[in-house]
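Student: Pasting a structure below so you can have a look.
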Amino acid sequence: MDQLPSKDQIRQWIAENPTLASKRDIAKAFAIKGSAERIELKRLLKELELEGAVTRRKRNFREAGTLPPVSILRVLEADAAGDLFAEPAEWQGEADSPRVHLLTRAGDPALGKGDRILAKLAPVEGEDFPYEARVIRKLGVNAIRVLGIFRAESEGGRIVPIDKGGMTEWRVPAGLTMEARDGELVEAEQAGPKRMGLPSARIVERLGDPTGPRAVSLIAIHQHGIPDQFPDAVIAEADRAEPAPLGDREDL
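Going by our numbering, the residue at position 161 of the sequence shown is 1602; the numbering climbs one at a time, nothing skipped.
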């Protein structure tokens, strides 16, 4: 059997080839052909994953703490200088999710806080953000949302939904809690696939005391299925609307 690559060699290759990082791609890169060698490669990849050196998304591996070249992002508020930033819609790293600087161009769709976009990313150095991105297209804000009580844990926490007919709990990874306190009412959106049997969520708003007036109203709206967000098509139509001409009317 030929000498297999070390785990460091595999990790370095994954980091240098983020678009060609399936198990088949890795086997081809290191000329691994026999069944015994492929089984050993599978073991090495599993060890790297358990050690936190790489993460796996479906069939592809990538270096831990990094984003793929094309990612779904969630738009954040503009900073004091007017620069627009975003964060990954799904994040499985142990550290806080990275900020991504959005480079907008003429013809790009209008973006606001909470919008979801498909974007092409490029790493940058010497800045207080690790990536820059250009918008490929706007996806809207239709992530699955949940309203519930936050239960803090040593690593992130859990959300117990108000709607008892839905999922029993959502897992909130460390870095996606918005520093919510135990017992607070929070609104969250789905932020990744299930792990340990629970769907992953990101808290998007802290609503405070669940017995407060605003919280009671939101709970009633949620429990009765009353829509409290406009569909993307309605928002888009509103964005296209222009002021009505004065015509023959008199401005009072």
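Each residue gets a CB set at the ideal place from its N, CA and C atoms; glycine is no exception.
Just so we're clear, the structure is a prediction, and the values are computed from it rather than from any experiment.
How would you call Thr-1618, buried or exposed, if buried means at least 16 neighbouring beta carbons within 10 angstroms?
Tutor: So Thr-1618 counts as buried.
Student: Using 10 angstroms around the beta-carbon of Phe-1502, count the other beta-carbons present and answer buried if the total reaches 16, otherwise exposed.
Tutor: Per the 10 Å Cβ criterion, buried.
Student: For Asp-1623, which residues from the same chain have a beta carbon less than 7 Å from its beta carbon, with the 5 sequence-adjacent residues on both sides left out?
Tutor: Taken in chain order, the residues that qualify are Phe-1591, Arg-1592, Ala-1593.
Student: Cα separation between His-1665 and Ala-1621?
Tutor: The predicted position of His-1665 is uncertain, since its pLDDT is 48 and thus under 50; no value can be drawn from it.
Student: DSSP has Ala-1593 in a bridge; who is on the other side?
Tutor: Note: Ala-1593 sits in a beta bridge opposite Gly-1598.
Student: With DSSP as the reference, please indicate the residues paired to Thr-1496 in a beta bridge.
Tutor: Thr-1496 pairs with Arg-1503.
Student: Going straight from the alpha carbon of Glu-1408 to that of Lys-1487, what length do you get?
Tutor: There is simply no residue 1408 to check, as the chain begins at 1442 and stops at 1693 in what is shown.
Student: Pull up the CB-CB distance for Val-1565 and Ala-1642, whole angstroms please, since I reckon it's below 8 Å.
Tutor: So it is not a contact: roughly 29 Å between Cβ atoms.
Student: Hey, out of Asp-1650, Arg-1500, Arg-1452, Trp-1532, whose CA is closest to Ile-1513's CA?
Tutor: Measuring from the Cα of Ile-1513, the nearest candidate turns out to be Trp-1532.
Student: Exposed or buried, Pro-1614, counting other C-beta atoms within 10 Å across all chains shown (16 or more means buried)?
Tutor: Buried: at least 16 other Cβ atoms inside 10 Å.
Student: What three-state label does DSSP hand His-1665 in the structure shown?
Tutor: Since pLDDT at His-1665 reaches only 48, below the 50 mark, its modelled position is unreliable, and no value is offered.
Student: Does the beta-carbon of Ser-1595 have 16 or more other beta-carbons within 10 angstroms, so that it is buried, or is it exposed?
Tutor: Burial call: exposed.
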